[in-house]
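In terms of the UniProt record's numbering, the sequence shown has 49 at position 49, counting the first letter as 1, and numbering is strictly consecutive. Where a beta carbon is used, it is the ideal one built from N, C-alpha and C, also for glycine.
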Amino acid sequence: MTRAESTSAELQRSQTLEFPELPAARSGLVMPLLRALEVLSAFSAHDQWLGNKDIADRTGLPASTVNRFLRSLVALGYVGYCKERRQYRLAAPVLSLGYSATFHSDVQRLVRQDLIRFACAHNVTVLLAMRDRLDLVALESCTGTGSFRRSGLNVGTRIAISSSQMGHTLLASLPALERAYLLENIARRMPAQWEGLEPHLTESINQFRTMGFCYSLSKLDRDLGVVSVPMNVAGKGLFVLACIGSLAHMSKARVSRELGPQLAALASQFKHSLDASAASHYREEPEHGN
1 MTRAESTSAE
11 LQRSQTLEFP
21 ELPAARSGLV
31 MPLLRALEVL
41 SAFSAHDQWL
51 GNKDIADRTG
61 LPASTVNRFL
71 RSLVALGYVG
81 YCKERRQYRL
91 AAPVLSLGYS
101 ATFHSDVQRL
111 VRQDLIRFAC
121 AHNVTVLLAM
131 RDRLDLVALE
141 SCTGTGSFRR
151 SGLNVGTRIA
161 ISSSQMGHTL
171 LASLPALERA
181 YLLENIARRM
191 PAQWEGLEPH
201 LTESINQFRT
211 MGFCYSLSKL
221 DRDLGVVSVP
231 MNVAGKGLFV
241 LACIGSLAHM
251 SKARVSRELG
261 PQLAALASQF
271 KHSLDASAAS
281 HYREEPEHGN
């Protein structure tokens, strides 16, 4: 059996695997809090207003449940409501939560200048993203000084794992069992997107195993090329680093000889710096009781 056939068989098996919800682990969760956070997470950087049905569709929660939690979130000030529109949007108090999380993260601080240099040197947009359930969320976005500009690639942008090159890169880098679990969730929650996922994922797995990076030239957007690399950082989680540019300037030869290897080297550099930073932080932490 070839590598591609083996991968295809693995994907087919993942559709029929049953993964229990681990009751022992979930028994300690405060479910109302979990549901409220799911409702807040339904809003993305591109959404100004969402209706009850929009939020229900994105979270998979019943509309009545969504409505109940929205009333509480409006009362607490985390969500605003427009009577004329009969729609909701995030309110200012949510920003304080986001800024607090960003302030305490050293990931952006350590990588930003190198992302800017890479973007300017190659006239691309560089994204650093991290997984949030079935999406990737952009933590940093840097665009070069050349002619390439692309809207919709801002910090906070949510990128579907199932239908993006960056998402396929993340899936390709996961251990088989973890990948199968995530694929089972995609198949259950997003059946329409599951239909076309297998061939793209098979290709990404082969690319990652042979080259150490993944790329797409017009596969998901006819005028864009995407090169992406996974980056697993101790104590921080799994990130995806990607460069996105005009298809006219991202030939297969340039990707394989220049952009792919250099992006992979940059990811390796980031991983080394972030791992070292985490190790230093742990050494400096006082032991309990001292």
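Taking Ala42 as the centre and dropping the five residues before and after it, the same chain places the C-beta of Leu50, Asp54, Ile55, Arg58, Thr59 closer than 8 angstroms to its C-beta, in chain order. With 16 or more other Cβ atoms from the protein chains shown falling within 10 Å of its own Cβ, Ser228 counts as buried.
Rounded to the nearest angstrom, the gap between the Cα atoms of Leu224 and Ala264 is 19 angstroms. When DSSP states are grouped into helix, strand and coil, Ile161 belongs to the coil group. Taking Ser44 as the centre and dropping the five residues before and after it, the same chain places the C-beta of Gly156, Thr157, Arg158 closer than 8 angstroms to its C-beta, in chain order. Within the same chain, Cβ atoms closer than 6 angstroms to the Cβ of Thr145 are found at Cys120, the five residues on either side in sequence being excluded. The residues Thr102, Leu128, Leu139, Glu140, in chain order, have a CB closer than 8 angstroms to that of Gln108 in the same chain once the five nearest residues on each side in sequence are set aside. Between the segment 244 to 263 and the segment 194 to 203 there are fewer than three C-beta pairs closer than 8 angstroms, too few to call the two in contact.
Taken through DSSP and simplified to helix, strand or coil, Arg86 comes out as coil.
Taking the CA atoms as reference points, Leu182 sits about 8 angstroms from Leu134. With a threshold of 16 other beta carbon atoms within 10 Å, Lys83 falls short and is exposed. DSSP links Ala138 through a beta bridge to Ala129.
In the DSSP assignment, Tyr181 falls within the unbroken alpha helix (DSSP H) covering 176 to 189. In the DSSP annotation of this structure, the continuous segment of the beta strand (DSSP E) that includes Ala242 starts and ends at 237 to 246. Straight across, the Cα-Cα distance linking Gly260 with Ala63 is about 44 angstroms.
Per DSSP, reduced to three states, the secondary structure at Val226 is strand.
One thing to note: Ser216 has its Cβ within 7 angstroms of the Cβ of Gln165. Looking only at Ile244, Arg35, Glu38, the smallest Cα-Cα distance to Thr143 is reached by Ile244.
Cys120 has no beta-bridge partner at all, per DSSP. The three-state secondary structure of Met31, taken from DSSP, is helix.
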